[in-house]
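The sequence shown begins at 58 in this note's numbering and counts up one residue at a time.
All C-beta atoms in this analysis are idealised placements derived from N, C-alpha and C, irrespective of residue type, glycine included.
Note that the coordinates shown come from a computational prediction; the quantities given were computed from them, not determined experimentally.
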Amino acid sequence: MSKIKIISNPYQKKIAYHRWNEALQQWILVDMENNGNSKLLSDELTSTFFPFAVKNIVNVIF
Numbered sequence: 058m059s060k061i062k063i064i065s066n067p068y069q070k071k072i073a074y075h076r077w078n079e080a081l082q083q084w085i086l087v088d089m090e091n092n093g094n095s096k097l098l099s100d101e102l103t104s105t106f107f108p109f110a111v112k113n114i115v116n117v118i119f
């Protein structure tokens, strides 16, 4: 089962995503370098107020 950590900064309206890497036993930032084609990296899901984007984030994750 995959683990995803969502970190929201409501003052800057920024959302960051991390995924758990079992082999390294650490959280890896989901960014263009590690996951360039992830829909989580769209402006709609990274530059917004978290409560307004929750439904879209959950839909992308599932």
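Work out the CA separation of residue j and residue i for me, nearest whole Å.
{"i": "Q82", "j": "F109", "result": "31 Å"}
{"i": "L102", "j": "N113", "result": "8 Å"}
{"i": "I63", "j": "N94", "result": "18 Å"}
{"i": "W77", "j": "S65", "result": "17 Å"}
{"i": "K96", "j": "N116", "result": "10 Å"}
{"i": "I72", "j": "E79", "result": "23 Å"}
{"i": "H75", "j": "V87", "result": "5 Å"}
Who does residue i pair with in a DSSP beta bridge?
{"i": "Q83", "result": "N78"}
Can you tell which of the options has the C-alpha that lies nearest to the C-alpha of residue i?
{"i": "K70", "options": "T105, D88, F119 and S99", "result": "T105"}
{"i": "I85", "options": "N116, F107, S59 and S99", "result": "S59"}
Are there any heavy atoms of the ligand HEM lying less than 8 Å away from the beta-carbon of residue i, as far as the coordinates show?
{"i": "N113", "result": "Among the ligands in the structure shown, none appear at all, so the ligand HEM cannot be discussed."}
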